[in-house]
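Taken in order, these protein sequences are the chains called Z and H. Residue numbering for the first sequence follows our numbering, starting at 1 and increasing by one per position. Residue numbering for the second sequence follows our numbering, starting at 262 and increasing by one per position. Where is the CB? At the ideal position from N, CA and C, for every residue including glycine. Predicted model only: the values in this text are computed from it and were never measured. Here the structure comes first, spelled out in structure tokens, and everything after it is commentary.
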Amino acid sequence: MSSGIMNFLHTLASTARDVIPIVLIIFGFQVFVLRRKMPNLGMVLTGLLLVLLGMTFFLQGLEQALFPLGKLMAKQLTAPEFLGLSGSDSEPHYFWLYVFAAAIGFSTTIAEPALIAVAIKANEVSSGAVGTWGLRIAVAIGVAFGIALGTYRIITGTPVHYYIIVGYILVVIQTFFCPKQIIALAYDSGGVTTSTVTVPLVAALGLGLSSNIPGRNPLLDGFGLIAFASLFPIMSVMAYAQLSDWQSKRIKKAKSKRYGG
Amino acid sequence: MVKNLIKNLTSSLLESLRDLAPILAVITFFQLVILQEHIPDLPALLGGIFLVAIGLTLFVYGLRIGLFPIGESMAHSFAGKGSLFWILVFAFALGFGTTIAEPALIAVGNEAAVVAADGGMIASTPESIKNYADGLRFTVALSVGLAIVIGVLRIIRGWPIQYLIISGYICVVIMTIFAPPWIIGIAYDSGGVTTSTITVPLVTALGVGLATSIRGRNPMTDGFGLIAFASLTPMIFVMGYGMLL
């Protein structure tokens with residue numbers, strides 16, 4: 001029990017260390033440059049404290065339960081025996097590995113706090129036009145596809161930059177066709193997807209794969225999954241906007257047909 | 262008042278549990294059906310999930326009353342003050358300061374240094390590995406600071422985001438041709454790991470707040486996009502670091 005409390009205090013201290021530079025910068029500028037008191041100072045400080053406590057509980061729970069099990073599973077699912085790499089007579093089978101890669105990418109993204117924050121803000125700013133769930137699911141689908149494709153890349157050993165460059169070309173093409181309102185948000189959603197929950201599990205998957213697939217070097221081929229997970233959400237969010245745009249136009253058309261005459 | 266608070270907290274706790282349900286489902290399915298093993302320590306797992314849910318609830322609550330209002334009120338004060346110089350200094354400080362201490366970045370920096378030493382780019386002594394990792398971390402922090410500066414300037418001036426981002430992509434592609442192959446994977450990944458869970462809401466609120474306070478800007482088209490710059494510039498800078506050293 002006391003080791004649990006020690007762990008908690010340790011996590012609290014390291015979270016506080018992350019928050020302190022931010023707090024110093026904000027209040028430094030507030031006092032020395034803006035020379036204004038922050039409105040609702042008490043409320044804001046309570047909020048900061050809650051964020052700090054929330055992150056601590058969050059990380060503590062992840063470390064205690066999800067990370068060890070998730071990492072163990074990534075190791076088991078990339079083990080040569082499971083993939084059929086050890087026997088010389090059998091073909092390697094990767095089906096369940098791809099399913100796992102996509103499923104873990106999707107589910108960790110849904111729980112990602114930074115994405116929840118951006119979804120709340122986008123919903124507020126668009127006065128409800130961008131649904132919090134719609135955005136989060138669109139991003140999670142992008143991450144799921146990205147991680148599965150990244151897994152395929154590690155297995156086949158093809159260079160990262162070919163995929164990324166093709167991805168960029170697709171993003172540029174989509175940018176010209178998607179509603180102007182969503183472009184900035186879509187670009188942002190690439191960067192917010194991969195943080196607290198996703199990175200450790202995905203890193204374990206990449207490391208397990210690149211150390212077990214013959215001919216791969218964990219130092220060189222283990223990288224790249226995060227890059228994929230930050231690229232595909234841009235496309236899936238733009239696709240989501242295009243779909244809802246298209247749907248609302250169709251409904252409008254149907255309505256004007258019915259009532260127009 | 263108290264009754265309301267409890268009601269709110271309970272409903273957001275339920276929401277958090279719903280956010281975590283997919284992870285639980287994936288882990289259970291793969292553990293029981295595919296790997297055909299039992300769950301090692303069920304009480305610890307459930308306890309952990311409960312902690313994660315409480316943490317998420319507190320975080321989202323603190324976000325609404327703390328981080329979002331801070332970002333917005335800073336944006337309004339800076340817009341009211343009307344000094345371009347100071348807001349850009351603030352943007353740089355925020356990007357640099359939040360990135361230099363980012364744990365995920367420290368981990369990536371150390372891995373990159375080990376790869377560099379392994380490939381014989383730098384000496385395999387602990388000292389040169391540490392120097393290399395620190396240099397890389399500094400480079401990424403610098404690039405994120407610069408990214409927030411460019412992003413804030415874009416909001417103030419109302420430049421369309423896509424031209425800037427597409428130019429960034431072209432830069433990444435050109436750098437990829439000339440950068441040493443071993444740094445490419447690390448560089449591409451460094452774009453995704455720089456923006457932490459606390460930085461994202463703050464920077465988003467800052468951008469949206471600025472776009473709301475400046476006349477002629479739309480918070481939806483102009484307010485977002487700061488994170489996009491912060492995940493693009495590190496790729497360019499890390500490849501540059503690999504080419505120079």
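Helix, strand or coil at residue i according to DSSP, with G and I counted as helix
i	result
Z:G261	Caution applies to Z:G261, whose pLDDT of 43 falls short of 50 and renders its modelled position unreliable; the model cannot decide the point.
Z:G201	Rather than Gly, the amino acid found at residue 201 of chain Z in this sequence is Leu. In this structure, Z:L201 counts as helix in the three-state DSSP scheme.
H:I475	coil
H:T360	helix
Z:D18	helix
H:E276	helix
H:L266	helix
Z:F223	coil
H:L506	coil
Z:R250	helix
H:L285	helix
Z:N263	Residue 263 of chain Z cannot be examined here, being either before or after the span of chain Z that is shown, 1 to 261.
H:M382	coil
H:H299	coil
Z:L273	The structure shown does not extend to residue 273 of chain Z, since chain Z spans only 1 to 261, so no value can be given for it.
Z:A74	helix
Z:T56	helix
H:F351	helix
H:H337	helix
Counted within 10 angstroms of its Cβ, other Cβ atoms place residue i as buried (16 or more) or exposed
i	result
Z:P233	buried
H:T386	exposed
H:Q292	buried
Z:P39	exposed
H:Y502	buried
Z:M43	exposed
Z:K257	exposed
H:R398	buried
Z:F95	exposed
H:I411	buried
Z:H10	exposed
H:D302	exposed
H:R279	exposed
Z:A13	exposed
Z:P200	buried
8 Å Cβ cutoff, residue i in contact with chain Z
i	result
H:Q423	yes
H:K391	no
H:K264	no
H:P387	no
H:G477	no
H:W420	no
H:L270	no
H:S428	no
H:A365	yes
Below-8 Å beta-carbon distance, residue i vs any chain H residue
i	result
Z:G261	Because the pLDDT of Z:G261 is 43, which lies under 50, any placement of that residue in the model is unreliable, and the question is left without a value.
Z:Y187	yes
Z:M6	no
Z:Q242	no
Z:R17	yes
Z:S195	yes
Z:I147	no
Z:M73	yes
Z:T108	yes
Z:L12	no
Chain H residues whose Cβ lies nearer than 9 Å to that of residue i
i	result
Z:I118	In the sequence as presented, Ile is not what sits at residue 118 of chain Z; that position holds Val. Neighbours of Z:V118 on chain H, chain order: V461, P462, T465, F485, I488.
C-beta neighbour in chain A for residue i, strict 8 Å
i	result
Z:L66	Considering every chain present, this structure includes no chain A. Its protein chains are Z and H.
The ligand MN heavy atom lying under 7 Å from the CB of residue i
i	result
Z:H10	In the structure on display, the ligand MN does not appear, and there are no ligands present to speak of.
Under 8 Å by beta carbon: chain H residues contacting residue i
i	result
Z:L276	Residue 276 of chain Z cannot be examined here, being either before or after the span of chain Z that is shown, 1 to 261.
Z:R36	S338
Z:V31	Under the 8 Å cutoff, chain H gives no residues; its nearest Cβ is about 12 Å from Z:V31.
Chain-ordered neighbours of residue i on chain Z, where CB pairs are closer than 8 Å
i	result
H:I326	M43, V44, T46, G47, L50
H:A491	G191
Contacts of residue i in chain Z (Cβ-Cβ under 7 Å)
i	result
H:V469	K121, V125
H:M504	Neighbours of H:M504 on chain Z: none; closest Cβ ~15 Å, over 7 Å.
H:L306	A65, L69
H:I383	Result: empty, since nearest Cβ-Cβ is about 14 Å, beyond 7 Å.
H:V321	I116
Within chain H, the residues that residue i reaches when beta carbons sit closer than 7 Å
i	result
Z:H161	T437, I445
Z:W96	I295
Z:A229	G453
Chain-ordered neighbours of residue i on chain Z, where CB pairs are closer than 9 Å
i	result
H:G316	L53, G54, M55, T56, F57, F58, L59, Q60, G61, L62, P113
Task: Length-filtered (4 minimum) alpha helix (DSSP H) runs lying within the segment 95 to 175 of chain Z - done: 95 to 110, 113 to 125, 132 to 156
Open item on the list: Quick check for students: name the residue ranges of the alpha helix (DSSP H) that lie wholly in the segment 392 to 452 of chain H, counting only runs of 4 or more.
Closed with: 422 to 439
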